[in-house]
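Each residue of the sequence shown is one higher than the one before, starting from 10 at the first, in my numbering. Beta carbons: idealized from backbone N, C-alpha and C, even for Gly. Read through the structure below, which is laid out as structure tokens, and then see the notes.
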Amino acid sequence: MSHKQHIVILSFVLLLLGSCNPAEDSIFINIPQDQSDVDFSNDLIESSSFNILSYLYFYNGGGVALGDINKDGWIDIFFTANQGPDKLFLNKGNLKFEDISVSAGISQDAGWSSGVTMVDVNEDGLLDIYVCRLGNYLQYKDRNRLYINQGDNVFKEEAERYGLDFSGFSTHAAFFDYDRDGDLDCYLLNHSVKRPEQFSDASITRYRKDSLAGDLLLRNDSGQYNDVTDSAGIFSSEVGFGLGLSIGDFNNDHWLDIYVGNDFHENDYLYINNHDGTFREVIELSTGHTSNFTMGVDAGDINQDGLLDIMSLDMQPGDETTYKNSGGWENYEIYRFKRRFDYHHQSPKNAVQINKGVVDGVPRFSEIAGFINLMATDWSWSPLIEDYDGDGDMDIFISNGIVRRPNDMDFVNFYANEINNEGLDTLQFIQKMPQGFVPNILGINNKNEGFTSQKIGSPGASTGAAYGDLDNDGDLDLVVNNINELASILVNQSNPEEYTTINLVPSHLALGSQIKIYKGKERYYRTVKPVAGFQSTSDHRVLIPSPSENIDSIVILWSDGNIQHISNLKNGDNTISYTSDRMSYKSVVQTNVSSLGLGFIHKDVSYNDQTREFLQPIFCSTLGPKMDRTRDRIYVSGGKGQDGVILNISGEVIAKINKGISRDYIDENDAEWLDLEGDGDLDLYIATGGNELKENNPLLADLIFINEGGEFMASDQLSPIYRNSAVVKASDWDQDGDTDLFIGVNGITGSYGNSSSSYILVNQGGEFSPAPIDLNEMVQDAEWVDLDGDGDDDLVVVGMWMPVTIFINQDGKLGKYSIPNSEGWWFDVEVTDVNGDAILDILAGNFGINHRFRAEEDQPLRLYINDFDNNGKEDPILTYMESGNEYIYPNLELLLKQLPGLKKEFVLNKDFAGKTVKDIFDKDALEGSVVKLVHTLKSAVYFQEDIREWKSHPFPSSLQSFPITAIEPLEDGRIAVGGNYHEVDPNLGKQDAGYLYSIEFENNWKSPEILSLYPGQIRDIEQIDNKLWVAYHTDTLRQVILPIKR
């Protein structure tokens, strides 16, 4: 195959994907080889016949398995190699190891090994070793190997005898008892090789079985492993690029489930155990989105709530230069293209899925990697969730690095040109890829403050990794398999004075078991993991960094469903043999509050806001639906192509509003009931907009419907103002006895960042006259309320790129006041007395911080608006601060769609990557720009100390992980909040971590309470009696019964 053919394949893949020594203060020390005698190095030699162009996963490296093979109390190490022999090292104590590979019977031929598992397959009490090998591919004709422990540190290869001698594209294997029959079954994770024809409708290709690349579920029938993949409901197709595998009870029903991480375009799979030998795949029900290029995965209870969370790794770089040089960026059309081919929402970054509870047997997750500062750790492989510093909180180790970066955009774009690579042989061509060596990462859990990353060791290419207490000192050490470098033996220096270790036996029943640890008011949750990270298996002992006298008791939920209570632990090692108390145990499960679908489903025609504005980060065409209620009825606004409806308080539709010809062109962004005619019945004002029609199009006219005895008739009494209205709010603010209207204008279509003036419709005897107001901002929401208690209504307004703004009503004149440093991406505002001091406060819903951006007073986001290329159209350039420098968002390729003239200045990505905004645009262009700021992205309450003095207090930390687009103060003093925002630039990432919550303030915020785990984009909330009506964008209007206040 020619260089050009290789690159065409690589480019095609990337096109569809989006183009496509210890650190300071580290708790780990790398023990040198002359001390440990571990001389293993996974040496990789590229050749013209076998390299990354001929095998996609050439740089994926090897795995590690830790376990006590001879029951002497010391953890031994097994390494897999890609081109050399696998190695087994016996732990001799004092961090000394002996290579016993040859004497132990471990084959020393040079095949291609990947994942390794230590497991007692034959249930004789001794750990066996299962190694995955590349087979039936090019020169590799190998099979997977099973080394059965014979005792006396000797093994015998018997994979064929057990039916485990698979030959194909194996990555890893997990052994666990999925059917609860008392023996270990096997999930064999395999991977495809790159074939462009696989980029087709996944709803079809996902069901085509592939004998080499497809995953397998193998049931243990009296010691013989039989293929039950199809009957169990497991996908086994050529479209699966399986790299990550985790086993755990994700829905807390005490049956083991399966998480599979797939690289490239295919979905990750979450298989929930049906208790009858079958599984159902629920990834789209359980998650809002996943990683795109999923590498390794691990499961653990990160937030210690009794529910298993999941981390998957991707390859988004953290440093600015590499980030802008790398592929994975995509425009919204490519993103939508993949949805049409039945792929789940994916984002090219790490994903941390926090388990929020279970609905109808399906776990519901919130993905918060951006929020906790773990979304971008570079080309990452093995996540290992454990408590490394002994403080009781779960930390995360991440192995990192790749020999060469095949997604470097200069390599893909420049060297794909046959002229540029003419005369290069294969190896010369490959060497044009830049190296991708980076340090490993230890994420230290700071609870509500997220994770702090520590760099571990020098830059390199580390893949498989495993944890265990190598020196039996009460803390977890790490073993890392490195490419072209000696393996790392990372010894933990925490050295607790006292600790407790739990070793469950027999080991085949221990795998997948859960341990609940009770220590005073504290609770800890641990799982005995069959596999963890990437191609690796960690030690199965559970370590608790606490003396036994501080532990009240533990409860063991064995993998077969039996339960055992232990209350007499001792310091140090505790070996606990299987018995069953056969007592019931109540799972820690967040059940869904009653949620009922009502008689209205919001619909909207999907529109790509980036059609006109390539650099628009947040779409403006999905603001609805909104609700407005009277005593006995409620109006719910419709989307484009849909009329809004009137419902009675029982949830029945009693009338529809006929928008006429404008129906198919505009969204109903807001609505307000008011008595326009003074006849005692309520009429309806609808604020219309969207982001498709250009300003001054007559179809953008707001609508009035006059109530004629229950029939609603369109009125033409409005002045011809054709703007993108976002909000309408009614008040007799001038106290002349009739109702006036504030109309908040969102923005100008095709000119992101700009807006025409909002205005007030002054009611003069039933006729409205527009009056200007000093507000040219992208308004999202507003409230009329008497903030200063002087008897007349003031106006509070929020929106995009604007501060929380108050128009103080002084004798019928509105004076503008902006709260300092409150510029945000605001969605919603409500006013109520939050802290009980009888003074009104402002609640404001912001975009949140579950993404790459951060905004502070001295580190703002900026939007420069100017005609940078002199083509007669203004360009919006968004910038962010990173390490004190100001950079442009997004990358060069997407920037050139807006400003193609820059191509002559930035021919290569490396010419652009790492450049600040001042390096790219000249001083005059920047100084001549309209500049808008964001100083905060956190939702907050602003406590009133005076009408012109406000103190910001952020919402509870966990609620900063999603955009809050709806706030409703409740009658009992609680506050209901909801949100999410899906229609954003895909490189910023779909914002979907939120559910419906209630919060309460008593000196500080109490912990948020989940009211409903129904997923979606909440746009409005209304309380009616003891129920909440919740309006979701493009989904069913729902009703939630409020739980009694605690």
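DSSP lists Ile715 as the beta-bridge partner residues of Met722.
The alpha carbon of Trp793 has as its nearest neighbour, out of Asp749, Pro779 and Pro781, the alpha carbon of Asp749.
For Met418, there is no enclosing beta strand (DSSP E); the residue is found in the alpha helix (DSSP H) stretching over Met418 to Phe423. Inter-residue distance for Val412 and Ala496 is about 15 Å (C-alpha atoms, whole angstroms). In the structure shown, Asn880 adopts coil according to DSSP, grouped into three states. Distances from the alpha-carbon of Tyr196 to those of Thr888, Ser938, Asp743 and Pro539 put Pro539 closest.
Contact between Trp121 and Gln159 is ruled out by a C-beta separation of about 26 Å, above the 8 Å threshold.
Contact annotation: Met324 and Asp387 have beta-carbon atoms nearer than 8 Å. Taking the CA atoms as reference points, Met809 sits about 18 Å from Lys738. The residue from Phe244, Ser557 and Ser522 with its alpha-carbon nearest to that of Ile572 is Ser522.
Taking 3 residues as the shortest admissible run, the region 57-104 contains the following complete beta strand (DSSP E) segments, listed from N- to C-terminal end: 73-76, 85-88 and 96-102.
Here Tyr196 carries a strand assignment [DSSP, helix/strand/coil]. The C-beta of Ile319 has 16 or more other C-beta atoms within 10 Å across all chains shown, which makes the residue buried. Here Ala780 is exposed. Its C-beta has fewer than 16 other C-beta atoms within 10 Å. When beta bridges are read from the DSSP output, Met636 appears opposite Val645. Going by DSSP, Gln44 is part of the alpha helix (DSSP H) stretching over Gln42 to Ser45. If only uninterrupted alpha helix (DSSP H) runs of at least 4 residues are considered, those enclosed by the region 208-266 are 211-214 and 238-241. Non-local C-beta neighbours of Tyr476 in its own chain, meaning closer than 6 Å and more than five positions away in sequence, comprise Leu393, Glu395, Leu485, Leu487 and Ser547, ordered along the chain. In the DSSP assignment, the residues bridged to Arg871 are Thr888 and Leu942. The beta strand (DSSP E) runs of length 3 or more contained entirely in the region 463-506 are, from start to end of the chain, 471-477, 486-491 and 497-501. The alpha-carbon of Ser630 is positioned some 11 Å away from that of Ser734. DSSP places His574 outside any alpha helix (DSSP H); the residue lies instead in the beta strand (DSSP E), whose first and last residues are Ile572 to Ile575.
Where Asn678 is concerned, the enclosing beta strand (DSSP E) starts and stops at Asp676 to Leu683.
Counting along the chain, the unbroken beta strand (DSSP E) around Asn512 starts and ends at Thr509 to Val514. By the CB criterion at 8 Å, Thr510 and Gly581 fall inside the cutoff.
Residue pairing by DSSP places Ile138 opposite Met127 and Tyr156 in a beta bridge. For His1042 and Asn785, the gap between their C-alpha atoms comes out near 27 Å. Checking the DSSP bridge columns, you'll see Arg863 has no partner listed. Our two residues, Gly379 and Ala949, have alpha carbons roughly 19 Å apart in a direct line.
Beta-bridge partners assigned by DSSP to Leu904: none are found.
The alpha-carbon of Ala241 is positioned some 30 Å away from that of Pro357. Leu796 is classed as buried because its beta carbon has at least 16 other beta carbons within 10 Å across all chains shown.
Taking a contact as a CB-CB distance under 8 Å, the pair Glu531 and Gly633 does not count as one, their CB atoms being some 45 Å apart.
In the structure shown, Asp1029 falls within a strand segment according to DSSP collapsed to helix, strand and coil.
Between Ser462 and Val73, the gap from beta carbon to beta carbon reaches 8 Å or more. From the listed residues Ser671, Asp679 and Met722, the smallest Cα separation to Leu685 is found for Met722.
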